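Everything below concerns the one structure shown next.
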Amino acid sequence: SRRGNRLFDLGLSEVGLALCAASAKSDQALITEILAEHGGDGFLSAWLRARDVDWAADLIPDLTNLATESETLPPT
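Going by the numbering used here, 58 is the number at position 58 of the sequence shown; the sequence numbering is gapless.
See the structure below:
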């Protein structure tokens, strides 16, 4: 740009944008709400639906390599 800012395009898909472009305060509030309602195991599907990427959320039950929330928690 003329001010010296570099502009670039990451070329993210709808799913990539839904997962990587969630830094606004409203996004963070929605994340908190979805986690409270669906927990860690249901978060991905609920988040994708909230971001209007229902087609991707519909594919999640068919994934075979998903870890449950208890499998990803650090040891205590």
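Heads up, the beta-carbon is just placed ideally off N, CA and C, and yes, glycines get one too. Since we're looking at a predicted model, the values are computed, not measured.
Practice item. Answer yes or no: do residue 30 and residue 43 have a C-beta to C-beta separation smaller than 8 Å? Key: no
Check your understanding: For residue 18 versus residue 48, is the C-beta distance shorter than 8 Å?
Key -> yes
Review point. Which residues in the same chain have their Cβ closer than 8 Å to the Cβ of residue 32, if we skip the five residues on either side of it in sequence?
Key: none
**Study point:** Cβ-Cβ distance between residue 20 and residue 12 below 8 Å
**Key:** yes
Practice item. Could you pull out every residue in the same chain whose Cβ sits closer than 6 Å to the Cβ of residue 14, ignoring the five residues on either side in sequence? Key: 53
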